[in-house]
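Undergrad:
Protein chains: 2
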Amino acid sequence: MTEQRLQARTAPTTETALEVLEAGIDAERLTTIFGRCRVEYDGRAASSLDWGHRLVVLKPDGTILVHTDSGQKPVNWQPPGCTHDGHLVDGQLHVRSVRSTPDEELLVVFEQVDQISTYDGTGESDVVVTGTEADLRDRILDDPDLVEPGFEPRATERDTSAGAVDIYGTDSDDSAVAVELKRRRVGPDAVSQLNRYVEALGSELHAERTIRGILVAPSVTDRAQELLDRRGLEFVSLSPDPE
Amino acid sequence: MTEQRLQARTAPTTETALEVLEAGIDAERLTTIFGRCRVEYDGRAASSLDWGHRLVVLKPDGTILVHTDSGQKPVNWQPPGCTHDGHLVDGQLHVRSVRSTPDEELLVVFEQVDQISTYDGTGESDVVVTGTEADLRDRILDDPDLVEPGFEPRATERDTSAGAVDIYGTDSDDSAVAVELKRRRVGPDAVSQLNRYVEALGSELHAERTIRGILVAPSVTDRAQELLDRRGLEFVSLSPDPE
DNA sequence: CACTCTATCTCGGCT
DNA sequence: AGCCGAGGTAGAGTG
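Those protein sequences? They're chains A and B, same order as listed. For our numbering, count along the first sequence from 1 and bump the result up by 474. For our numbering, count along the second sequence from 1 and bump the result up by 474.
1) In terms of DSSP beta bridges, what is residue 708 of chain A paired with?
2) What does a CB cutoff of less than 6 Å around residue 670 of chain B pick up in its chain, not counting 5 residues either side in sequence?
3) In angstroms, rounded to a whole number, what distance separates the CA positions of residue 659 of chain A and residue 653 of chain A?
4) Check whether the Cβ atoms of residue 590 of chain B and residue 507 of chain B lie closer than 8 Å to each other.
5) Listing by chain order, which chain B residues have their CB less than 9 Å from the CB of residue 595 of chain A?
6) Could you tell me which chain A residues have their CB closer than 7 Å to the CB of residue 589 of chain B, listed as they occur along the chain?
7) Quick check: the segment 570 to 588 of chain A against the segment 695 to 705 of chain A, are at least 3 beta-carbon pairs closer than 8 Å?
8) Using CA coordinates, which residue listed in A:612, A:620 and A:619 is at the minimum distance from residue 630 of chain A?
9) Could you tell me the boundaries of the alpha helix (DSSP H) in which residue 486 of chain B lies?
10) Should the segment 511 to 524 of chain A be called in touch with the segment 568 to 585 of chain A, which here means at least 3 C-beta pairs below 8 Å?
11) Determine the extent of the alpha helix (DSSP H) in which residue 662 of chain A is found, giving its start and end residues.
12) Can you tell which of B:486, B:500 and B:713 has the C-alpha that lies nearest to the C-alpha of residue 532 of chain B?
13) Thinking residue 540 of chain A and residue 551 of chain A are a contact (beta carbons under 8 Å), I'd like their distance in whole angstroms, please.
14) Look at residue 624 of chain A and residue 649 of chain A and say whether their C-beta atoms are less than 8 Å apart.
15) Looking at C-alpha atoms only, which residue of A:712, A:557, A:678 and A:597 is the closest neighbour of residue 656 of chain A?
16) Where do the N-terminal and C-terminal ends of the alpha helix (DSSP H) with residue 611 of chain A fall, by residue?
17) When you compare only the Cα positions, how much space is there between residue 642 of chain B and residue 620 of chain B?
18) Could you tell me which chain B residues have their CB closer than 8 Å to the CB of residue 605 of chain A, listed as they occur along the chain?
19) By Cβ distance below 6 Å, which residues in the same chain neighbour residue 709 of chain A in space, the five residues on each side in sequence not counted?
20) According to DSSP, is residue 497 of chain B part of a helix, a strand, or is it coil?
21) Between the Cα of residue 599 of chain A and those of B:543, B:706, B:692 and B:606, spot the shortest distance and give me the residue it belongs to.
22) Using 10 angstroms around the beta-carbon of residue 679 of chain B, count the other beta-carbons present and answer buried if the total reaches 16, otherwise exposed.
23) Between residue 707 of chain B and chain A, is any beta-carbon pair separated by less than 8 Å?
24) Compare the Cα-Cα distances from residue 566 of chain A to each of A:546, A:486 and A:478 and report the closest residue.
25) Please report the Cβ distance between residue 668 of chain A and residue 707 of chain A, rounded to the nearest whole angstrom; I am assuming they are in contact, meaning their Cβ atoms lie under 8 Å.
26) Just by C-beta distance, which residues in the segment 546 to 570 of chain A are closer than 9 Å to chain B?
27) Kindly list, in the order they appear in chain A, the residues whose Cβ is closer than 8 Å to that of residue 670 of chain B.
28) Is there a Cβ of chain A sitting closer than 8 Å to that of residue 648 of chain B, yes or no?
29) By the three-class DSSP mapping on this structure, what secondary structure does residue 502 of chain B have?
30) How many whole angstroms separate the CB atoms of residue 557 of chain B and residue 503 of chain B, which I take to be in contact at a CB cut-off of 8 Å?
31) Under 8 Å Cβ-Cβ, which residues of chain A neighbour residue 599 of chain B?
32) Which class does residue 570 of chain B belong to by DSSP, given the choice of helix, strand or coil?
33) What number of angstroms, rounded off, separates the C-alpha of residue 571 of chain B from the C-alpha of residue 561 of chain A?
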């Protein structure tokens, strides 16, 4: 039998839809189903979705997505690692996706299947992203003066009891400096994060040693700035990309 | 012309694919394209994705998703509110999606289209989710003793200079209590969040008044527990769903 | 629009 | 498997 890259049936009987679905699951193909369905989910949370015309996507890695005609996020889903299977119940196509740890189950009941397609997609795909926190870190390691003149990075991801400091180093007075990096404008959470690291360093280094905390990000919100001031922490404006 | 719920072409010419795409965009239909494509993105970050066989989904609200055969998240996307359009360039189908604030652009170049389908999906869909933080809050408001005997909620989302406290109330000694709710097991970030609220209340209420902070969640990590101890904050184990 | 916070967050890295 | 933090987080709510 010839393996076509794409197999599709428009307005199939439920029996045909089930055949195509099972063949797609067996052959580890990317599968889409257009149809009128309802969805039940139970797991970390629980949800119920009433009848409607939607797009369901099944992936060979065990992902299932239920998309309506709006929103970037699927209205219901199951993450990679799930087991998919289809059944006919009262003439309706049931698509079930289950996993354990945690126990989760998603059931899609199709009243009507308008189209089912299976596709031999490309596996590995290496998307190259720039403008990340790693780019910001590399920018600083290349030119530490961007933080402040005399700053000398000593370690990245330096461990403390509160977690890893993005960049740990010293200033021109040889004081310890903890630098927390954010690729975009930050709110209070980032300040708290930096503060946890500075506190942890304070109880782990020699007590008399000064520890400075510097938040490096393109900008901060007002509330984050207040929190920086209150904590005696500093802010340096810097973006991942040289502008 | 009859409006079919589903329109599809398998192995179309690029010209036909463009026609179907433009008709789908015009008619605000959910559109899927299977084909071999590459993707360029530039906006908040930037990325490049090499050639591969993928599924592209366009929604009438301006969302576009590029899915490979693995992963729950699209490998590239554009959020709702974008403007889509298609063009033929050197015989290849280009699908472009742009928006402003922030300026972002996504370009999908198809070397080959294996199938294009447009679908009249259902608009509004009211998914009912349970097991959320709101359920946990309601559980406590129904029976405040779940936090501790004598706890009396006074306000939800009570504003402070550091943000809104999930539940603000008093204990049996009439001390102020700030309760932070989490629907699942929490790490250090939730403790810092609670701590910010407790500190803010400390500087906003009468200075001599005791302010307790209680984190309510199913469980906490070791590091979060250490942080709770260090900050003098408390933890009460409770789930959104009565088990 | 910006800010804040939740989420069945997802994802990757590390232990 | 759990913990931790990044993310083009998305999405909701509010000012």
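In this text, a Cβ means the ideal position worked out from N, Cα and C, and glycines have one as well.
TA: In this structure, then:
1) A:688
2) 636
3) 15 Å
4) yes
5) 508, 526, 527, 528, 529, 541, 542, 543 and 544
6) 480, 482 and 591
7) no
8) A:612
9) Neither: residue 486 of chain B is in no alpha helix (DSSP H) and is coded neither H nor E.
10) yes
11) 662 to 678
12) B:500
13) 7 Å
14) no
15) A:712
16) 607 to 616
17) 15 Å
18) 518, 519 and 520
19) 689, 694 and 702
20) helix
21) B:543
22) exposed
23) no
24) A:486
25) 6 Å
26) 546, 548, 549, 550, 551, 552, 553 and 554
27) 662, 666 and 701
28) no
29) coil
30) Actually they are not in contact, since the Cβ atoms of residue 557 of chain B and residue 503 of chain B sit about 16 Å apart, beyond 8 Å.
31) 523, 524, 526, 528, 542 and 549
32) strand
33) 38 Å
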